[in-house]
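Have a look at the structure below, then the notes.
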Amino acid sequence: MTYTAETWPIACAMLPFGGLDSHGGPIQDADPSEWARQLGLVRRLGFTEVDPTDTWVRVGDLSPERLAVFKRVLEDSGLTIPAISTSRRSVMDPERGAEYLDYSHRLLDNAAELGVGIVSYGFFQGFSEAQSKALWFWLADGWKDDFTPEVRDRAVTMIRDLAEHAERNGQQISLEMYEDTYVGTPDDAVAFLADVDHPACGLNPDIGNLVRLHRPIEPIQTMFDKTLPHANYWHVKNYLRDEDQATGSYTSFPLPMEYGVINYRSVITQAVAGGFTGPFLCEHYGSDSLGVCARNRDYIRSILSTIL
Amino acid sequence: MTYTAETWPIACAMLPFGGLDSHGGPIQDADPSEWARQLGLVRRLGFTEVDPTDTWVRVGDLSPERLAVFKRVLEDSGLTIPAISTSRRSVMDPERGAEYLDYSHRLLDNAAELGVGIVSYGFFQGFSEAQSKALWFWLADGWKDDFTPEVRDRAVTMIRDLAEHAERNGQQISLEMYEDTYVGTPDDAVAFLADVDHPACGLNPDIGNLVRLHRPIEPIQTMFDKTLPHANYWHVKNYLRDEDQATGSYTSFPLPMEYGVINYRSVITQAVAGGFTGPFLCEHYGSDSLGVCARNRDYIRSILSTIL
Amino acid sequence: MTYTAETWPIACAMLPFGGLDSHGGPIQDADPSEWARQLGLVRRLGFTEVDPTDTWVRVGDLSPERLAVFKRVLEDSGLTIPAISTSRRSVMDPERGAEYLDYSHRLLDNAAELGVGIVSYGFFQGFSEAQSKALWFWLADGWKDDFTPEVRDRAVTMIRDLAEHAERNGQQISLEMYEDTYVGTPDDAVAFLADVDHPACGLNPDIGNLVRLHRPIEPIQTMFDKTLPHANYWHVKNYLRDEDQATGSYTSFPLPMEYGVINYRSVITQAVAGGFTGPFLCEHYGSDSLGVCARNRDYIRSILSTIL
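Residue numbers (this note's numbering), protein chains in the order written: chain A, 260 to 567; chain B, 260 to 567; chain C, 260 to 567.
Rendered as structure tokens:
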């Protein structure tokens with residue numbers, strides 16, 4: 260299947276909608292008209308694809324009946340799902356790891372039911388208290404994975420099991436890069452992938468997660484050089500960044516993709532030239548996330564139109 | 260009167276024009292062609308409404324003859340005035356309070372002459388020397404209102420008098436939120452309004468004034484939750500903001516509404532759902548204020564078009 | 260020759276393309292199809308003018324044969340060159356000054372061959388090691404010119420020689436303002452120009468180079484008041500800027516012209532009213548330089564359309 264600039268799947272994250280319906284109840288259990296209302300806004304902003312990030316509706320937890328309803332609402336909305344992202348449901352969670360592992364497997368099957376070819380997992384965990392209170396959650400420290408070989412090996416095995424399951428379903432899984440996890444730096448991510456060693460497991464090179472940190476970063480170009488060859492799904496977002504050498508102070512801000520420190524024109528061109536054919540997911544924190552995501556989608560299509 | 264996304268009044272602030280005409284003389288006393296020239300640019304940028312912020316022409320100080328001329332120039336320019344904002348003319352000014360109080364009352368009558376339904380007042384005062392010298396005036400401390408009960412009571416009384424006067428004219432007044440004044444935090448603003456206790460007095464929830472400060476801020480959502488129910492006029496502008504926890508350094512920048520920390524898509528939706536029917540005023544500091552204001556107007560209309 | 264908003268020359272800098280062709284070889288020596296490919300993208304982004312910044316192809320080092328080929332490729336691409344900028348090839352370079360002086364003169368003649376009326380020179384030199392390693396090169400100190408009278412006099416003489424050469428060719432030269440050089444502040448730049456004292460030598464008031472620095476800056480308006488009367492070429496780019504008074508920390512970021520601290524609507528209006536008729540050059544660092552340059556070009560034309 261070959262995409263054009265107009266048909267390349269570029270999904271909107273449902274993250275900005277939070278987890279509530281218009282009456283304040285959980286969107287997970289809401290009337291289908293509530294799903295339709297929120298998806299309708301996404302469609303009205305010009306999206307043709309959506310990723311029902313699981314902070315919104317957990318597709319993996321829908322009963323067969325509700326899943327059928329969800330599928331119908333989605334069709335009526337004019338949106339398709341190229342991939343589903345999980346968020347903060349690490350199989351390595353010290354309290355709920357087993358539960359999240361079950362959920363991760365269930366999600367593959369429900370995703371297959373919707374015809375979804377990719378599911379994205381990560382090792383980032385629930386917010387620390389400091390993260391919950393910070394102006395931006397990335398300003399505070401969160402979970403740090405345990406790199407002790409036997410612990411990391413368990414993670415490798417569980418991810419390989421998910422990849423095998425995905426392969427049986429005709430799907431792929433993607434690992435979202437996130438600081439202080441097994442896939443928190445390009446080198447660590449590539450090494451982890453090599454240990455998983457399964458053709459149905461790729462990377463989600465969400466380098467935006469890294470350039471916003473108030474700490475030194477690896478040069479952006481080398482981060483993409485290392486990770487793009489392994490990418491099968493791509494969370495895209497951007498930040499500006501500055502460092503004051505006199506005081507040691509860092510600054511970073513979320514901005515539209517076109518304006519941040521990552522030169523997406525250049526790295527998307529590089530990715531496509533290198534064979535990347537995965538979907539894009541537009542995310543944005545702070546400000547008008549939906550509006551910026553819609554703008555970012557148009558921006559990606561404009562870049563694709565100069566290179567395809 | 261019910262507005263559509265196209266007719267909702269969204270005014271351009273005349274603040275970016277400063278106070279001079281093309282010959283360097285005061286725009287207040289300028290030839291009407293000078294008013295026409297500056298209003299013409301506003302119209303050419305696509306605005307249909309304008310707020311003649313009183314750093315530009317002080318409508319309250321126009322003689323009956325000049326007011327009639329002003330009205331005609333305005334009609335010829337294709338612009339209408341939904342509201343007039345005063346700036347740094349607090350009735351609590353220790354030197355000029357009495358003068359500003361007279362002016363505030365005069366302005367209501369001249370505004371009525373122009374068919375203007377809302378006048379916005381505030382307690383922020385003339386720049387301190389540090390504010391005049393700073394890169395951005397909000398980086399330095401300015402006037403701080405005296406919260407001693409008897410002093411604050413005087414303010415309450417004078418504002419109530421203005422509200423009564425406005426009501427007799429068939430108008431409303433609005434109080435602009437500004438740090439370190441009686442309406443400098445959501446709680447203080449709501450309490451002040453309760454003490455004024457007059458149906459013709461509402462709030463101007465200019466939360467942009469607060470999110471740019473280099474000091475801790477209240478969560479943005481709770482600030483709007485508290486103040487939007489009282490809003491009858493709305494100065495809108497946006498900033499990005501960061502905090503470096505290691506050094507304690509704050510950073511903030513003016514940016515187009517769509518890109519700043521305030522999610523205007525969300526709070527405009529919330530305001531309209533809650534019954535807000537007041538005009539918007541587009542302001543912007545630094546950079547190309549007029550260009551950004553025009554962009555912000557289009558952005559507000561695009562949001563309104565998805566919710567009306 | 261009188262320009263309209265549509266015809267005023269607004270060039271794209273070739274700087275974002277670096278110095279390599281698609282095979283990793285030097286673009287200087289590349290096959291003409293490689294030049295055509297990179298110029299083609301510039302044209303596709305809507306530019307009609309280009310400045311082959313000499314970090315890309317050094318026009319001054321092309322043989323007569325290659326220069327003829329370059330001219331043909333340019334014509335085929337639909338682009339013209341209003342001016343050529345040199346970068347980091349100061350005639351005062353302690354090691355390579357003589358070589359760069361020769362190059363500077365050669366460039367005038369080759370530029371004349373292409374019908375180019377302006378060449379821009381500067382005293383900024385190759386990156387220091389700290390500049391090479393910094394997130395943004397302007398965060399670290401670079402070369403500082405020697406203001407000893409006899410040393411500076413040598414610079415004045417060499418620049419006057421270039422101006423005389425340019426005049427004989429029917430061209431002009433422009434000096435790019437850059438911190439810590441002889442033309443590093445408005446006062447120093449105007450004084451240097453007065454000492455060169457030649458009608459074919461003007462200023463390139465690239466104030467963007469100054470507002471991004473992590474040090475105190477002169478008020479932006481006074482910088483333009485002093486330098487615009489001498490401008491004959493104009494590198495335009497913009498930055499946002501903040502200062503934290505509590506910690507002494509500075510922050511600055513590259514942003515589209517419309518959003519930075521320089522109000523280009525205002526200073527372009529001022530320049531044109533004062534008689535500026537030179538070309539503009541769009542530059543941008545970090546992020547998607549080409550995309551932002553294209554956006555900046557449209558922005559300049561929109562401003563010109565309201566004042567011409």
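Beta carbons are placed, not taken as given, at the ideal position from N, Cα and C, and that holds for glycine.
**Prompt:** Counting pairs of beta carbons, one from the stretch 491-503 of chain A and one from the stretch 513-530 of chain A, are three or more of them closer than 8 Å?
**Reply:** yes
| request: Just confirm the distance between the C-beta atoms of Tyr437/B and Asn468/B, as a whole number of angstroms; I'd bet it's less than 8 Å. | output: To locate residue 437/B, count along the second sequence from 1; it is residue 178. To locate residue 468/B, count along the second sequence from 1; it is residue 209. Indeed they touch by this definition, with Cβ atoms about 5 Å apart.
- Query: Helix, strand or coil: how does DSSP classify Phe383/C here?
  - Reply: As a first step, residue 383/C is located in the third sequence; it is residue number 124 there, counting from the start. Looking at Phe383/C - three-state DSSP - the assignment turns out to be coil, as it is neither helix nor strand.
Between Phe386/B and chain C, is there a C-beta pair that is closer than 8 Å?
Residue mapping note: residue 386/B aligns to position 127 of the second sequence, counting from 1. Judged by the 8 Å Cβ criterion, Phe386/B is not in contact with chain C.
How many Å lie between Gly443/B and Ala414/B at the Cα?
-> In the second sequence, residue 443/B corresponds to position 184, counting from 1. In the second sequence, residue 414/B corresponds to position 155, counting from 1. C-alpha separation (whole angstroms): 14 Å.
With a threshold of 8 Å between beta-carbons, can Thr307/A be considered close to chain B, or not? On the first sequence, residue 307/A is found 48 positions in, with the first residue counted as 1. It does not: the Cβ of Thr307/A has no partner Cβ on chain B nearer than 8 Å.
- prompt: Does the separation of the CB atoms of Asp310/C and Ala264/C fall below 8 Å?
  reply: Here residue 310/C refers to the residue found at position 51 of the third sequence. Here residue 264/C refers to the residue found at position 5 of the third sequence. For Asp310/C and Ala264/C, no; Cβs fall outside 8 Å.
On the DSSP letters alone, give me the boundaries of the beta strand (DSSP E) that Ala572/A sits inside. Residue 572/A falls outside the range modelled here, since chain A spans only 260 to 567, and no answer is possible.
Quiz item: Cβ of Gly545/A less than 8 Å from any chain C Cβ?
Solution: Taking the first sequence and counting its residues from 1, the one referred to as residue 545/A is at position 286. Gly545/A does not count as touching chain C.
Using a Cβ cut-off of 8 Å (strictly closer), state whether Tyr523/A contacts chain E. No chain E appears in this structure, whose protein chains are A, B and C.
* Asked: Under 8 Å between the Cβ atoms of Leu398/C and Ser433/C?
  -> In the third sequence, the residue the question calls residue 398/C occupies position 139. In the third sequence, the residue the question calls residue 433/C occupies position 174. Not in contact: Leu398/C and Ser433/C (Cβ atoms no closer than 8 Å).
key: Distance between Thr536/C and Leu567/C (C-alpha atoms, nearest Å)   = By one-based count along the third sequence, residue 567/C stands at place 308. By one-based count along the third sequence, residue 536/C stands at place 277. Taking the straight line from one Cα to the other gives about 12 Å.
Taking 8 Å as the cut-off, decide whether the C-beta atoms of Tyr544/A and Trp315/A are in contact. For the purposes of this step, residue 544/A is identified with residue 285 of the first sequence, where counting begins at 1. For the purposes of this step, residue 315/A is identified with residue 56 of the first sequence, where counting begins at 1. No, Cβ-Cβ distance for Tyr544/A and Trp315/A is not below 8 Å.
Legend entry - Euclidean distance between Cα positions of Glu308/C and Gly299/C: What you label residue 308/C is simply residue 49 of the third sequence in a count that begins at 1. What you label residue 299/C is simply residue 40 of the third sequence in a count that begins at 1. Near 12 Å, if we compare the C-alpha coordinates of Gly299/C and Glu308/C.
Q: Would you mind telling me which residues of chain B sit closer than 9 Å to Gly467/C, beta carbon to beta carbon, in chain order?
A: Working through the third sequence from its first residue, we reach residue 467/C at position 208. Those within 9 Å of Gly467/C in chain B number zero; the least Cβ separation is about 13 Å.
Exercise. For the stretch 490-508 of chain B, which residues have a beta carbon sitting closer than 9 Å to at least one beta carbon of chain A?
Worked result: Asn497, Leu499, Arg500, Asp501, Glu502, Asp503, Gln504, Ala505, Thr506, Gly507 and Ser508
* At what residues does the alpha helix (DSSP H) containing Ser344/C begin and finish? -> For this step, residue 344/C is matched to residue 85 along the third sequence. Here Ser344/C belongs to no alpha helix (DSSP H); instead the beta strand (DSSP E) covers Ala342 to Ser344.
Within 8 Å (strictly less), CB to CB, does Tyr518/C reach chain B? To locate residue 518/C, count along the third sequence from 1; it is residue 259. By this cut-off, Tyr518/C is an interface position.
Just to confirm the assignment: which complete alpha helix (DSSP H) runs, minimum length 4, are found wholly within the stretch 306-381 of chain B? 323-336 and 356-372
Practice item. Please list the partners that Ser511/C has in chain A, where partner means a Cβ-to-Cβ separation under 8 Å. Key: Position 252 of the third sequence holds residue 511/C. In chain order: Asp501.
ask   = Using a C-beta to C-beta distance shorter than 9 Å, which residues of chain C count as neighbours of Thr565/A?
value = Locating residue 565/A in the first sequence gives position 306, counting from the first residue. Neighbours of Thr565/A on chain C, chain order: Leu300, Arg303 and Leu304.
### Message
Run through the DSSP bridge pairs and tell me what Gly461/C is partnered with.
### Response
Taking the first residue of the third sequence as 1, we reach residue 461/C at position 202. Answer by DSSP bridge pairing, in chain order: Ser433/C.
Below-8 Å beta-carbon distance, Pro291/A vs any chain B residue: Indexing the first sequence from 1 puts residue 291/A at position 32. Not closer than 8 Å to any Cβ of chain B, the Cβ of Pro291/A fails to qualify, so no.
Checklist entry - Which runs of the alpha helix (DSSP H), 4 residues or longer, sit entirely within the stretch 276-306 of chain C? => result 291-303
(Q) Please return the same chain residues whose Cβ sits closer than 6 Å to the Cβ of Gly356/B, not counting the five positions on each side in sequence. (A) Walking along the second sequence from the start, residue 356/B turns up at place 97. Closer than 6 Å at Cβ, skipping near neighbours: Val350.
Exercise for the section: Give the single residue among Asp352/A, Glu423/A, Ala453/A and Leu360/A whose Cα lies nearest to the Cα of Lys403/A. Expected result: Sequence index remark: in the first sequence, residue 403/A carries index 144 (1-based). That would be Asp352/A, whose Cα lies nearest to the Cα of Lys403/A.
Check: Between which two residues does the alpha helix (DSSP H) containing Tyr558/B stretch?
Finding: To locate residue 558/B, count along the second sequence from 1; it is residue 299. Taken as a continuous stretch (DSSP letters only), the alpha helix (DSSP H) holding Tyr558/B covers Ser548 to Ile566.
**Message:** DSSP three-state label for Asp503/B, please.
**Reply:** For the purposes of this step, residue 503/B is identified with residue 244 of the second sequence, where counting begins at 1. In the structure shown, Asp503/B sits in a strand (DSSP, three-state: E or B).
Output the distance between the C-alpha atoms of Glu441/B and Val410/B, rounded to the nearest integer angstrom. What you label residue 441/B is simply residue 182 of the second sequence in a count that begins at 1. What you label residue 410/B is simply residue 151 of the second sequence in a count that begins at 1. One detail in the question is off: residue 441/B reads as Tyr in this sequence, not Glu. About 11 Å.
- request: Report the partner residues of Ala270/A according to the DSSP bridge assignment.
  value: Stepping through the first sequence from its first residue, residue 270/A is reached at position 11. Glu308/A and Leu540/A, per the DSSP bridge assignment.
Spatial distance of Ala272/A from Tyr558/A (CA atoms) = Within the first sequence, numbered from 1, the residue matching residue 272/A stands at position 13. Within the first sequence, numbered from 1, the residue matching residue 558/A stands at position 299. Roughly 16 Å separates the two Cα atoms.
With contact counted as at least three CB pairs below 8 Å, one residue from each stretch, are the stretch 320-336 of chain B and the stretch 365-384 of chain B in contact?
-> yes
Checklist entry - Going by Cα to Cα distance, which pick from Leu304/C, Leu321/C, Asp320/C and Ser363/C is closest to Ser336/C? => result Sequence index remark: in the third sequence, residue 336/C carries index 77 (1-based). Nearest C-alpha to Ser336/C: Leu304/C.
Return the CA-CA distance between Ser508/A and Ser508/C, expressed in angstroms with no decimal places. If you number the first sequence from 1, residue 508/A lands on position 249. If you number the third sequence from 1, residue 508/C lands on position 249. Roughly 7 Å separates the two Cα atoms.
Classification of Phe406/A by the beta-carbon crowding that lies within 10 angstroms, buried from 16 upward: If you number the first sequence from 1, residue 406/A lands on position 147. Label assigned to Phe406/A: exposed.
Self-check item: Cβ-based neighbour list, Gly401/A, same chain, cut-off 6 Å, excluding 5 preceding and 5 following
Solution: On the first sequence, position 142 is the one that residue 401/A refers to. Excluding positions up to five away in sequence, the list reads Ser387 and Gln390.
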